[in-house]
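In the working numbering, the protein residues as written are 179 to 566.
This report refers to the structure that appears directly beneath it.
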């Protein structure tokens, strides 16, 4: 027994002697482990966790898909920018009033083109025509075999949006109408609208309800969720900012390969266009925090004048629920916005006060009095500033 102990002590002594003689090499190896191997293991774990969350997590629908009824219009088939077959419907506006313009509606994830009625009825009544379409894998648009739609706007949704704009543009040209188009998007559809509009001058106005940018919202989710699964919570809670940025880059690279798609940044795209935009977001949104729209609004104002980038935070509203919580004001504001930036109609001073759109810390929530007239019918001069 004593000989065994002696042998063990001799081995330990030899090991420590070896370490002492090669302390510099041991220090380098230890440093590499601490600075490379351990962080790599942590990053790999986080990427795996967040990839699963991006794959499985679905946002709640604001209401049932067909709770507003099914649209009655002219169904058509057309091609996305990448050639995928899609289905859409022209919904013609009130024939008793002058035609004001064409708006393309982009529905939220897990919905379809019929949800346009929930958001666009006031626009249709005012004389706007609406083209509502189903993104691939939704409604009557067939899925793509190598792509599973998710709640994040990807290059596929952008391709669908570009195809819809091209199809509607061809229709307008054939009908002898002006090329100007407005876009109205909800959640993921809002992101797709912003991504597509950056490439096309024919888009003159965008309404984006519940919009977000995949890169910033994923970073928010990483900080919120990844620490729940981390074994060393103290370490997870004190990662430097560069860690989250690098992790986000790794995550999107991994997801692009796994999901067979790209995730363009809505935030960065807003810097590349001057298209006027109205951002709407519920202050009680538990899924996409309203700070997402605040951030997008700040980005939008980098290239636009103060009066061409609007933000409306709706008190008490949850994800995409603003239209249900404040339907009259929702209709007034979206209509006034398109009247100015798409139809080119001057807005009366009292209506401007009623529907005033601005970056409000405490936004106007009270609808204007019933019976108030909405617009003046005077066309603004061609060279006048577009102001609400």
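Glycine included, every Cβ here is placed at the ideal spot set by N, Cα and C.
Bear in mind that the values here come from a model prediction, so they are computed numbers and not experimental data.
* residue 451, buried or exposed, once every other Cβ within 10 Å from all chains shown has been counted against 16 -> On the chain shown, residue 451 is found 273 positions in, with the first residue counted as 1. Result: buried.
* Residues that residue 308 bridges to, as DSSP identifies them -> Along the chain shown, one-based indexing puts residue 308 at 130. Answer is 269 and 281.
* Using DSSP with H/G/I as helix, E/B as strand and the rest coil, what is residue 489? -> Taking the first residue of the chain shown as 1, we reach residue 489 at position 311. Residue 489 falls in the strand class under three-state DSSP.
* To do: Classify residue 383 as helix, strand or coil using the three-state DSSP reduction.
  => The residue given as residue 383 occupies position 205 in the chain shown. Strand.
* To do: Buried or exposed for residue 427, please, with buried defined as at least 16 other CB atoms from any protein chain shown within 10 angstroms of its CB.
  => One-based indexing of the chain shown puts residue 427 at position 249. Per the 10 Å Cβ criterion, exposed.
* Asked: Where are the alpha helix (DSSP H) runs, 4 residues long or more, that stay fully inside the segment 298-376, in chain order?
  -> For the alpha helix (DSSP H) assignment, the uninterrupted runs of no fewer than 4 residues enclosed by the segment 298-376 are, from N- to C-terminal side, 333-352 and 366-375.
* To do: Report the partner residues of residue 458 according to the DSSP bridge assignment.
  => Against the chain shown, residue 458 aligns to sequence position 280. DSSP, once it has assigned bridges, lists 387 and 490 as partnering residue 458.
* Asked: Per DSSP, what kind of secondary structure is residue 477 in: helix, strand or coil?
  -> Residue 477 sits at position 299 when you count from the first residue of the chain shown. In the structure shown, residue 477 sits in a helix (DSSP, three-state: H, G or I).
* Have a look at 500, 396 and 298 and flag the residue whose alpha-carbon is nearest the alpha-carbon of residue 422. => Working through the chain shown from its first residue, we reach residue 422 at position 244. Per the Cα distances, 396.
* Where do the ends of the alpha helix (DSSP H) carrying residue 501 lie? -> Here residue 501 corresponds to residue number 323 of the chain shown, with the count starting at 1. Counting along the chain, the alpha helix (DSSP H) containing residue 501 begins and ends at 500-503.
* Asked: What does a CB cutoff of less than 6 Å around residue 541 pick up in its chain, not counting 5 residues either side in sequence?
  -> The residue given as residue 541 occupies position 363 in the chain shown. Because the pLDDT of residue 541 is 36, which lies under 50, any placement of that residue in the model is unreliable, and the number read from its coordinates should be weighed accordingly. Once the five neighbours on either side are set aside, the close Cβ partners of residue 541 are 490 and 491.
* To do: Count the other C-beta atoms from every protein chain shown that fall within 10 angstroms of the C-beta of residue 470, then say buried if there are 16 or more, exposed otherwise.
  => Here residue 470 corresponds to residue number 292 of the chain shown, with the count starting at 1. Answer is buried; the Cβ neighbour count reaches 16.
* To do: Kindly list the residues whose CB is nearer than 7 Å to the CB of residue 424, restricted to its own chain and excluding five residues on each side of it in sequence; keep chain order.
  => As a working note, residue 424 is residue 246 in the chain shown. Around residue 424: no qualifying Cβ.
* To do: State the DSSP-derived secondary structure class of residue 466, mapped to helix, strand or coil.
  => By 1-based counting over the chain shown, the position of residue 466 is 288. Here residue 466 sits in coil by DSSP.
* Out of curiosity, what's the CA-to-CA distance linking residue 223 and residue 436? -> Here residue 223 corresponds to residue number 45 of the chain shown, with the count starting at 1. Here residue 436 corresponds to residue number 258 of the chain shown, with the count starting at 1. Whole-angstrom Cα-Cα distance: 16 Å.
* **Limits of the unbroken beta strand (DSSP E) element including residue 392** => For the purposes of this step, residue 392 is taken as residue 214 along the chain shown, with counting starting at 1. Counted as a single uninterrupted DSSP element, the stretch harbouring residue 392 is not any beta strand (DSSP E) but the alpha helix (DSSP H) occupying residues 392-399.
* To do: Measure the alpha-carbon distance for residue 539 versus residue 256 and round it to whole angstroms.
  => Sequence index remark: in the chain shown, residue 539 carries index 361 (1-based). Sequence index remark: in the chain shown, residue 256 carries index 78 (1-based). Note that residue 539 scores a pLDDT of 35, beneath 50, so its modelled location is shaky; the value from the coordinates is reported in the next line. Each residue's alpha carbon lies about 42 Å from the other.
* Could you work out which residue in 493, 444 and 420 is closest to residue 477 when comparing CA atoms only? => By one-based count along the chain shown, residue 477 stands at place 299. Nearest option by C-alpha distance: 444.
* Neighbour-count burial assignment, residue 326, 16 or more Cβ in a 10 Å radius -> As a working note, residue 326 is residue 148 in the chain shown. When all chains shown are included, residue 326 counts as exposed.
* **Straight-line gap, residue 344 to residue 338 (C-alpha atoms, nearest Å)** => Here the question's residue 344 lines up with position 166 in the chain shown. Here the question's residue 338 lines up with position 160 in the chain shown. Roughly 10 Å separates the two Cα atoms.
* Cβ contact (3+ pairs, closer than 8 Å) linking the segment 374-390 and the segment 357-364 -> Here the segment 374-390 makes contact with the segment 357-364; the two share three or more CB pairs at distances below 8 Å.
* Asked: Is residue 287 helix, strand or coil when you go by DSSP?
  -> Stepping through the chain shown from its first residue, residue 287 is reached at position 109. DSSP places residue 287 in coil when its eight states are reduced to three.
* Asked: Does DSSP classify residue 497 as helix, strand or coil?
  -> As a working note, residue 497 is residue 319 in the chain shown. Residue 497: coil per DSSP, three-state reduction.
* Since residue 263 sits in a beta bridge, which residues does DSSP pair it with? -> Here the question's residue 263 lines up with position 85 in the chain shown. BP columns for residue 263 point to 257.
* **Helix, strand or coil at residue 420 according to DSSP, with G and I counted as helix** => Translated into positions along the chain shown, residue 420 becomes position 242. It is helical.
* Asked: Considering only C-alpha positions, which residue in the set 457, 441 and 472 is nearest to residue 329?
  -> The residue labelled residue 329 in the question sits at position 151 within the chain shown. Checked all of 457, 441 and 472; the closest Cα to residue 329 is 441.
* To do: Name, in chain order, the residues that DSSP records as bridge partners for residue 252.
  => Residue mapping note: residue 252 aligns to position 74 of the chain shown, counting from 1. Answer by DSSP bridge pairing, in chain order: 268.
* Asked: So, helix, strand or coil for residue 439, using DSSP?
  -> Against the chain shown, residue 439 aligns to sequence position 261. Coil.
* To do: Just the C-alpha distance for residue 389 and residue 347, rounded to the nearest angstrom, thanks.
  => Counted from its first residue, the chain shown places residue 389 at position 211. Counted from its first residue, the chain shown places residue 347 at position 169. Taking the straight line joining both Cα atoms gives about 24 Å.
* **Proximal residues to residue 464 (C-beta, below 8 Å), its chain only, five neighbours per side dropped** => If you number the chain shown from 1, residue 464 lands on position 286. Answer for residue 464: 496 and 497, listed in chain order.
* Of the residues 267, 305, 279 and 276, the one placed nearest residue 293, counting alpha carbons only -> As a working mapping, residue 293 is identified with position 115 in the chain shown. If we check each option's Cα against that of residue 293, 267 comes out closest.
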